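Chemist: The structure under discussion is supplied below as structure tokens; questions concerning it will follow.
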Amino acid sequence: MNDINYTNIVGLHVSRGHGGSCAPDCEAQLILSTSYNSDCLTNLMNEVASKANLVLAFKAVKRNKGAPGVDNMTVTEVAENLNIILEELSLALINQTYRPCPVRGVKIPKVNGGLRQLGIPVVIDRIVQQAIAQVLTKIYDPTFSNSSFGFRPKRSANMAIKASSGYVKEGKVWVVDIDLEQFFDKVNHDILMSKIAKTIKDKSLLRLIRRFP
């Protein structure tokens, strides 16, 4: 089968302060080891490409709305042909013939002046990215610190504020706000991928992640 390109297819963290630790606890490590054994971690593409996972991914992309990418295809247009698209997409992922499209670049004004460069993937690529994230989240999220609230399932900024209020009542008096400037512009992708590869042994999935612009 030829490579398939779908262009034409109809952080917030709260610490306790005095001696608080961000290391994953034993319970989280147990969840990781019992939920995904070594065999599962080498065969994740089937889970990513499953119809059920792709449908959930599309629903998330639909909720987030967003503009079309370089193919000018909208979320609504994908929805009109969803079954066909997801069937072909699943097959392409399993056969490793799926190739992401280029990202459409746009610049939006910053609150403090200047412009911020944003990349807008095509809708199909957003579905695949979300499908991957859904699988990886189940593996990694249980290992994260209980004090971490940013961009995690069933966690929110309001929960972080509530936790902070509890620490104040305990007598804690320091608040530290840390923001990594332009983190996503500067993060070393080779180092990031090497860390992912220590856990994820499915080489086809690792290759797919690397293909995204």
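Those letters in the sequence shown? Residues 2 to 214, by the numbering used here.
Where is the CB? At the ideal position from N, CA and C, for every residue including glycine.
Computed from a predicted structure; not experimentally measured.
V1 and V49: beta carbons closer than 8 Å?
Modeler: This structure cannot settle anything about residue 1, because the visible part of the chain is limited to 2 through 214.
Chemist: Starting from L116, follow its DSSP beta bridges and name the residues at the other end.
Modeler: Answer is P110.
Chemist: Given a threshold of 16 other Cβ atoms within 10 Å of its Cβ, counted over all protein chains shown, does R211 qualify as buried or as exposed?
Modeler: exposed
Chemist: When DSSP labels each residue in this structure, what does S165 get in the three-state scheme?
Modeler: Correct three-state label for S165: helix.
Chemist: If A221 sits next to L55, beta carbons under 8 Å apart, how far is it from one beta carbon to the other, in whole angstroms?
Modeler: With the chain covering 2 to 214 only, the question about residue 221 has no answer from this structure.
Chemist: Could you give the distance in angstroms between the alpha-carbon of L45 and the alpha-carbon of K170?
Modeler: 44 Å
Chemist: I'd like the span of the alpha helix (DSSP H) that includes V104, first residue to last.
Modeler: First-last for V104: undefined, no H or E at that position.
Chemist: Kindly identify the DSSP beta-bridge partner or partners of I121.
Modeler: Residue pairing of I121 in beta bridges, as defined by DSSP: R105.
Chemist: Taking DSSP as the reference, what is the three-state secondary structure of S149?
Modeler: Note: S149 maps to strand in three-state DSSP.
Chemist: The alpha helix (DSSP H) spanning R1 covers which residue range?
Modeler: Because the chain is modelled from 2 through 214, residue 1 falls outside the range shown and cannot be assessed.
Chemist: Going by DSSP, what residue range makes up the alpha helix (DSSP H) through R211?
Modeler: 204-212
Chemist: Between R156 and the rest of its own chain, which residues show a CB-CB distance below 7 Å, the 5 nearest in sequence each way excluded?
Modeler: F150
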